[in-house]
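Residue numbers (full-length UniProt numbering), protein chains in the order written: chain A, 1 to 277; chain B, 1 to 277; chain C, 1 to 277; chain D, 1 to 277; chain E, 1 to 277; chain F, 1 to 277.
Protein chains: 6
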Amino acid sequence: MLQQVEEMNTDVAEQYRITQEPFYRVTGAEEALYQAAYARRMPVMLKGPTGCGKSRFVEYMAWKLQRPLITVACNEDMTASDLVGRFLLDKDGTKWQDGPLTTAARIGAICYLDEVVEARQDTTVVIHPLTDHRRALPLDKKGELIEAHPDFQLVISYNPGYQSLMKDLKQSTKQRFGALDFDYPEADMEAEIVARETGVDADVAQKLVQVAHRTRNLKGHGLDEGISTRLLVYAGQMIAEGVDPQAACLMTMVTPLTDDPDMRQTLQAAVETFFVN
Amino acid sequence: MLQQVEEMNTDVAEQYRITQEPFYRVTGAEEALYQAAYARRMPVMLKGPTGCGKSRFVEYMAWKLQRPLITVACNEDMTASDLVGRFLLDKDGTKWQDGPLTTAARIGAICYLDEVVEARQDTTVVIHPLTDHRRALPLDKKGELIEAHPDFQLVISYNPGYQSLMKDLKQSTKQRFGALDFDYPEADMEAEIVARETGVDADVAQKLVQVAHRTRNLKGHGLDEGISTRLLVYAGQMIAEGVDPQAACLMTMVTPLTDDPDMRQTLQAAVETFFVN
Amino acid sequence: MLQQVEEMNTDVAEQYRITQEPFYRVTGAEEALYQAAYARRMPVMLKGPTGCGKSRFVEYMAWKLQRPLITVACNEDMTASDLVGRFLLDKDGTKWQDGPLTTAARIGAICYLDEVVEARQDTTVVIHPLTDHRRALPLDKKGELIEAHPDFQLVISYNPGYQSLMKDLKQSTKQRFGALDFDYPEADMEAEIVARETGVDADVAQKLVQVAHRTRNLKGHGLDEGISTRLLVYAGQMIAEGVDPQAACLMTMVTPLTDDPDMRQTLQAAVETFFVN
Amino acid sequence: MLQQVEEMNTDVAEQYRITQEPFYRVTGAEEALYQAAYARRMPVMLKGPTGCGKSRFVEYMAWKLQRPLITVACNEDMTASDLVGRFLLDKDGTKWQDGPLTTAARIGAICYLDEVVEARQDTTVVIHPLTDHRRALPLDKKGELIEAHPDFQLVISYNPGYQSLMKDLKQSTKQRFGALDFDYPEADMEAEIVARETGVDADVAQKLVQVAHRTRNLKGHGLDEGISTRLLVYAGQMIAEGVDPQAACLMTMVTPLTDDPDMRQTLQAAVETFFVN
Amino acid sequence: MLQQVEEMNTDVAEQYRITQEPFYRVTGAEEALYQAAYARRMPVMLKGPTGCGKSRFVEYMAWKLQRPLITVACNEDMTASDLVGRFLLDKDGTKWQDGPLTTAARIGAICYLDEVVEARQDTTVVIHPLTDHRRALPLDKKGELIEAHPDFQLVISYNPGYQSLMKDLKQSTKQRFGALDFDYPEADMEAEIVARETGVDADVAQKLVQVAHRTRNLKGHGLDEGISTRLLVYAGQMIAEGVDPQAACLMTMVTPLTDDPDMRQTLQAAVETFFVN
Amino acid sequence: MLQQVEEMNTDVAEQYRITQEPFYRVTGAEEALYQAAYARRMPVMLKGPTGCGKSRFVEYMAWKLQRPLITVACNEDMTASDLVGRFLLDKDGTKWQDGPLTTAARIGAICYLDEVVEARQDTTVVIHPLTDHRRALPLDKKGELIEAHPDFQLVISYNPGYQSLMKDLKQSTKQRFGALDFDYPEADMEAEIVARETGVDADVAQKLVQVAHRTRNLKGHGLDEGISTRLLVYAGQMIAEGVDPQAACLMTMVTPLTDDPDMRQTLQAAVETFFVN
C-alpha cells in the first residue's frame, strides 16, 4: 500500500511540474545561491518590489531543479486551514482534504508563499516546524505528523516597501530563512525582455524602459511604487496592437498608478519626452 | 466527456450573453483601446465617478466582442469564496459550486468586478494568478487549478473619489491592469442620452444637463459627488410622466444628494435658473 | 410548469396584499409624485424623522396601487443573505430559501427596506442591480439571475437626523433613488389623526399636538428627536382609558424621551401649560 | 387542526403562568398606569436602578392580569435569533424552534426583555413591527409572518445610570414605548420588605434601610450605584442566621460594592453608626 | 421515570463529590460566614489576589457541606453556551448537552466560576436568574426552564488587582452576591503550609515566607503581584529535591515574575538575605 | 477494557517518543534543575530569545527522561479547542477528537507549548487546572474530566523581548510555573555547534560566531533581535556548499534581518571585518 501512496503522490506531482522553461534572465549570483540553499533545503525568502520577477524566478528554479511548484497567493483573510487542509463533509462523514502546503510537503514540491506578510499569524506560525531541524508538519486537527519529503523546500516572498509596524513577520519567523534581494532588471536586459514579450522593436522597448526609470526615482516622492516591468510589457503590447504610443503609455503606465493631477502631469511629461507625436 | 463539458459550458455562456445592443455612446478612443487590450487579454481597470457609464461601457464591449459578461457588485463583506465558489451540502455529501469568477474563467466570459476596492483583500488577491502570465485560478479548497479559457478577460471598476487611506488597492494589484478614465459625457451627448431614455424634448434635456453641470462644480465643496447622468434620466422620466419640472428636479436631483439646508438652497436655485415656474 | 410557478407566486403575493385601506392623510404632492415614480418603477427613498408616517405612507401607496408590500426592518447585523436568501439543510440535502427581497422581485411586490443605513454594506450593494437598467438580482450562491417582475419596485427609508460620518449610504447607492421629504403632519391634521386613533375629543387632541410642537423645537438643543405622532397617540389612548392627562403625558411624552432632569422639567412645564390640574 | 394549535399553545402558556401572588408593594400609580397601558397593549418601558423591583413588578402585573410571563435577560452577545428562533438540525433535516419572543407573541404572553440596551441592535430592531400598528413578527428565515396574539404585550427595562454614548436605544425604538420610572421603595416600606423576606425584627430592618440611605447619597461620588434592596435582604438573612450584624453588613453591603479603601471606610462607618458592637 | 432522573443525577453528582478533606487552614470567620450564606443559598463572591487559596477554600467548603463541586475557569472567549450547554449533532439529529452550570443546577452542586470577570458579558448575565428569587435557569435554545435543585449554590471569584475600566462586573451582577475578602495566610500559617506540602523543615519554610513578604510590599511598585503561596511551595519542592536554595528560589520566585533587570536584582537580594551560600 | 485503553495509549505514545539523542550542549545547571522540577511534575517556563535552543532543550530532556514529547506552535488564532479537542462529524454523527494537550495528559507526555503568549486567553486559561494541585483537564464540551497521567508535565516557552502591554501572560498563569532563563551559547560552544552542524572548519565557525556577537550588541539599537545560532548554521551550510563567505553571510545573516540601509551597512562591515575577500 505504501507503493500505492508513492504512485498517487507522483501523479499529483505531475500536475505541478513546470514543463516549459519559463523566460527568466539571470542577472547576478541568484541562481547559484538558490541552488546552494536548495542543496541544504534551506528555506528562502525573496525580497523586492512589485512585479520585478520574484515569482518568475521561483518558476525558473523549479524548472531548473525539476521540482514541482505549488504557489499560494497569501492574503489577510487566509487561515492556517487554507494552507494545511481541513475536513470536508462527505456522504460517509468527514474526509480530510490536504491544503497546498501539506501537498507540497508530501510530494516533495517547492512551496511558494507569495506576499506572506499579508497572511494572519496562524499561517506564518504553521510553517515553523517545516523550517527548522524537524522538517515536519503537524496536522493537529487530524492527529497526524507529516515528515516532509526530502525534496521539499519552502520559499516566501516579501515586499519591503509594504512593511508597516502593524504588519511584519515575527523575528522568530524571519530567522528561519536565507534571503535574496531582487530589483528591476538592468536597462538593457529589461528592454530585451519587453521586446521579446510584446513584439515591439528594440528602439521602442528602450524608450519604454527609459520612461520607467524616470518614474522609479519618484518612488517615495508621491508614488508608492515605480512602474513595474509588467506594465512596460502591457505598454509594448498596446503599441504592437497598433495603438498610438502616447495613448498606450497613458493607459498602462500613468492611469493605473495614480489619480493625483500633478503626478499624472509629471508622468505624462516623461512619456512625451521619449514618445513625440 | 470533454465534449460534454464543452457543451455544458456553452449552455451556461448563453445565459450571460448580451443579446441586444446596449445603448452606449462612444465619446473618445475608449472602444479602440479596449479592443486592443482585449486582443492581448490584458486586464482592464475603468476609473470614474458614480453613474458616468462604466458598467454600460463594459456591457457594450461584451456585446461588440460577442463575449458573455458576468458582473459582480463588490462589497466589504464579500469573501474570496463568494467569487471562487464553495462546497455545498447535498444529500450525497458536499458538492462544489463555482462562483462567478470561476464560471467566467471556465466559459471564457468577461468578468466585471464593480467597485472592487469595496471588497476585502482576499477577494482582490484571488484575482492575481488570473492577471499575470499564469492566467490560472487555483481552487485551493477543491485542489483544482483552472486554466482560464482563452477568451476570458478581467475588468474592474474603481471610483477615485472614494479612495481613502484605509481602502485602496494594493500596488501589486494595481500594476496588473491597464486603465481607462471615464467621466460624464459631453453636454450635447448627455442631453441626447437623456432625451432618448426618457422621452422629453431636446430643450428640457439640455436644461437638465445644464443644471447638472452647475452641481458638478460643487463636488468637493459641500457635495461628495455631482449629479450623475442616471439622476438626469430620473428627472426626465418624472417630467415625461407629467410632473412639474421643478418638483421633478427637486425629487431626483436635490433631495437624494444632500440634507444640508444651504446646499439644498444652492441646488434649488440652479434648478430655478433653468426651469421657471 | 411555468404556469405552476405563476400560480404559486400569486399565492405568495396574496399574503403580502394589503386588504384594508390604511389610515393615511395625504399632505402634499407625495401621492402624485410617488405614482409617477412607480409608473417608471423608479426606486424611491423616503426621508424624515422617526414616527412621522413614512411606513404608513408606503402601506397606503401599496394599497392604492394594489401591489403586495414586503417590509424589512434593517439593522447593523443584517447580512445580504438575510435579504436575498440562503441554503437550508433538509433531509435531502440543502434547499434554497428566498429572502424577502428575492420574493418581492419574483412576485412583483413593493419591497420596503426600513432604515436602510443601519444595514451593513453588503445589504446595500445587493440592491444595486435591482435599481439600474438591469432590474435583476443575481443569486450568486445559487448561480441564478432573477429578472425582476415588471411590477417590482424598491423603496427605502432614511432618517437624516441619524446620519453620522461612520454610517451613511454610499453616493453610488444614493444616486439610484428619487427622494421624498417627510415631516410631522400639520397641526390640524395631526390633531385629527390623534382624535381618530384614540377616541379623545378634538380639544384634548389639539392640546397634545401643541405640547408636541413645543418639544420639536428642542430637537438638537438637548433632545435627539421631538415627540412623534405615535407618542401623541399613546398619550391620547391613556387619557381615553381614564388616566389623568398630566400623568398620561408624563408616561408617554416625557419619561420615554430623556433622563436629563432639566429637560424633563422643561417638557413637564410644556405639559402643564396645556393640561392644568 | 387550528384547534390543536390552540390547545398546544395553551399547554405552553401554562408553563409561563405565575401561580402564586409575587410579593410586591404598590408605591404609587404604577399599577393603574400599567393596567391602562395593557388595556391598549401599549409597549411599556420600566426605568430605574439595579435591584429596585422592576422585574418583581412585571411578575406582579402578569399575575394580576392572569397572563403568562416570558422573561429574557439581555446581553451584548445576544442575537436576533436568540429572541425569534432558529432552525435546528434534526434527523429529518432542519426543524424550526421558536425563540422566547415568538413564543410570547403566539401564546399571548407578556414578554419582558430585561436590560434591553445590553443587546445588539438586531435584537432591538426585531421588536419594531411588534410595537407599532402592525403587531406582527416576521420570521424572515422561515418566511412566516406571525400576527401577535391579542393578549401579547412587550415590556422592557432600562437602567438610566448605565447609558453611555456608545450604548443607548435608538430614538426610533424609544418612541415606541410608554415609560414608568422606578426607584427604591420608601424607607418604611423597604424596612417592611426586609423584615418580611428575612425574618429579622422591625428594628434591625429599619437600621439596615438607614445604612442603605446613607450609601445611596454616595452614588456618583465614588459609588456607581447605591445599595439595592436585594443586598439589604441578604444582610437581614445573615443576621437571621445568627451572624454578627457588623460582619453581616460588611459581607453583603460593603465588600461586594467597592474595593476602594476610602469608600470601604466610609461604608463601614455608616454600618457602625447603626450597629454598635 | 422521575425516579430514574433522580438516580442518574445522583450518579453524575458522585463524579463531582470531593472524597478527601482538602488541606485548608481556616484563618478567620470565613467558614462560619460561608455556612450562613449557604444556609440561605446566597450567591457568594470570593475576592483576593492570585494563589491565595480561594479555590482551595471552595473545595474545602464543598467537602465540609458534602456537596458536589463543579469548577469552571472563565476566559474571555467563553460564551454562554459553554456554561449552559448546546446542541450536538448525532446520528439521529441534534442532541442537547448540558453545560457545567446546568449540570450544577440540576444535581444541586456548588458551581464555582473562577475569575468570572474574564468572561464575556453573556456568560455573566446568564447567571442572573439563578441568583435572585427565581433560582431558575432558562435554556432558551432548548425551550426549557430549569428550577435549580434546592442545594445548588453559585460561587464566583474575583481578583480586584486586575479590574480595569474595560473589564469589570456590572453593578447589576455585583449586587447579587455576598462577598468575602481573601489574602495570603499569616506568616506562621503560611510557613506551616509550605513545610507540610513540600517536606522542607520549619526553618527553610520560615525563610521562604520571609522572602515572600518582602516582595509583596513591592506590589504596585514594579511588580503586578507578590509571590503567591504556590510559588513558595514550588521553591520548597525544589529544595526538597536537593537543589541549592538560592537556585531554587531564583527559578521559582524570581524568574517567573519579572524580566526587569532592576526588579530581578531586588528580588535576588531578598533571596540572598535569607539564604546565604 | 481498561487494559485496551492502556495499550492504545502506549501505541500513541510511541509516535511521540524521541528515538535518537538530540544534539544539545548543556551549558549550566539547566538539566539538573529541569530534572528536579520534573520529579515534582512542576510546570516549567523556558525564557529566552529566538533560536537560542529552547525547543532543542525540551527535546533533549524528553529523550533523557524517556518521555514522549508533544509540541504545539502557538499563534494568535489558536483556540482552546485546538488544544483540547473537538467533535468531528462522522457518518454516525459526531465523534470526539482529542487535541494535543489532551493526548499528552492521557499518555503521560511532556506537552510543550511554544511561544504561548501568542495564543488567545482561552488557550492559556485552559491549562490552569493542569498546573495546580488538581492536575486535571475538564473537557467541558464532552462532559469528561481527565486526570493527568502521573508522568504528564507541561512546559511553555516565552520570549521576553516580544512582550508588550497588549500581549502578556496573566499573573495567575505566570505564577503556575518555575522558570529557566536561556541565552545564546558561549562563543566556544557556539562555534563547536556551527562546525558540527555544517561541516565548516573551526576557524570559519569562530569567525561566524564573532560576527554574531557584534550584531547581538545592536539589539534594541536598530535590530529587534541579534543573529541566532540557526542563522550561523545557515551561513556555515552555504560556505560548505562552496559559496563565497561574504555572499553566504549576506544572504543568511544580513538580508533576512533588516531592510534599513544603514543597519545593513553596519552588518556588512561586521562581516567584512572577519571575512576578507
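Quick reminder that beta carbons are idealized off the backbone N, C-alpha and C, glycines included.
Treat the numbers as computed from the prediction; the structure is a model and nothing was measured.
Which residues does DSSP pair with residue i in a beta bridge?
i	result
C/K95	C/L88
E/Y112	E/T71, E/V155
A/L223	A/K219
Report, in whole angstroms, the separation of the C-beta atoms of residue i and residue j, which I expect to be a contact under 8 angstroms.
i	j	result
residue 278 of chain C	C/L130	The requested residue 278 of chain C does not occur in the structure, where chain C is confined to residues 1 to 277.
B/C74	B/L113	6 angstroms
D/G236	D/A205	6 angstroms
C/A27	C/E186	Correcting the residue type first, residue 27 of chain C is Thr in the shown sequence and not Ala. Going by Cβ atoms, the distance from C/T27 to C/E186 rounds to 7 angstroms, so yes, they are a contact pair.
B/F87	B/K54	Contact doesn't hold; Cβ gap of about 34 angstroms is too wide.
A/Y16	A/A109	6 angstroms
A/A240	A/G199	4 angstroms
F/V58	F/L69	7 angstroms
B/A80	B/T123	5 angstroms
F/P256	A/Q175	7 angstroms
Compare the C-alpha of residue i against each of the options and name the closest.
i	options	result
D/E190	D/L223, D/D224, D/T229	D/T229
residue 283 of chain C	C/G85, C/V117, C/E118	There is no way to answer for residue 283 of chain C, as the model of chain C reaches only from 1 to 277.
F/L231	F/L218, F/L250, F/G242, F/N217	F/L250
E/A37	E/A179, E/Y158, E/L69	E/A179
F/V116	F/V72, F/E31, F/N277, F/L257	F/V72
F/Y105	F/A195, F/V126, F/Y24, F/Q175	The sequence as given places Ala at residue 105 of chain F; Tyr does not occur at that position. For the residues F/A195, F/V126, F/Y24, F/Q175, the minimum Cα distance to F/A105 belongs to F/V126.
D/E225	E/N277, E/A248, E/Q171	E/Q171
D/D183	D/A80, D/V12, D/A32, D/Y158	D/Y158
C/T252	C/H213, C/L208, C/V276, C/L218	C/L208
A/G222	A/T258, A/I239, A/E21	A/T258
D/L83	E/G51, E/G143, E/V276	E/G143
C/R41	C/Y234, C/N277, C/P256, C/P150	C/P150
residue 308 of chain D	E/D11, E/D188, E/E30, E/Q20	The requested residue 308 of chain D is not part of the displayed model; chain D covers only 1 to 277.
B/F23	B/V276, B/M238, B/A269, B/R196	B/R196
D/R135	D/A119, D/R120, D/F152	D/F152
At a Cβ cut of 7 angstroms, what residues of the stretch 139-157 of chain C count as close to chain D, listed as they run along the chain?
Taking 7 angstroms as the Cβ-Cβ cut-off against chain D, none of the residues of the stretch 139-157 of chain C qualify.
Which complete beta strand (DSSP E) runs does the stretch 125-213 of chain A hold, if anything under 3 residues is left out?
List check, beta strand (DSSP E) in window: 136-139, 144-147, 153-158, 178-181.
So within the stretch 15-85 of chain A, which uninterrupted beta strand (DSSP E) runs reach at least 3 residues, ignoring any that extend past its ends?
With a minimum length of 3 residues, the continuous beta strand (DSSP E) runs that stay inside the stretch 15-85 of chain A are 44-47, 69-73.
What residues in the stretch 7-24 of chain C bring their beta carbon closer than 8 angstroms to a beta carbon of chain D?
Against chain D - using a Cβ distance shorter than 8 angstroms - the residues of the stretch 7-24 of chain C are Q15.
Report the residues of the stretch 30-63 of chain D with a CB closer than 7 angstroms to any CB of chain E, ordered along the chain.
Listed in sequence order: T50, G51.
Residues of the stretch 253-264 of chain E with Cβ closer than 8 angstroms to any Cβ of chain F, in chain order:
With the criterion set as a beta carbon lying under 8 angstroms from some beta carbon of chain F, the members of the stretch 253-264 of chain E are T255, P256, L257, D259, in sequence order.
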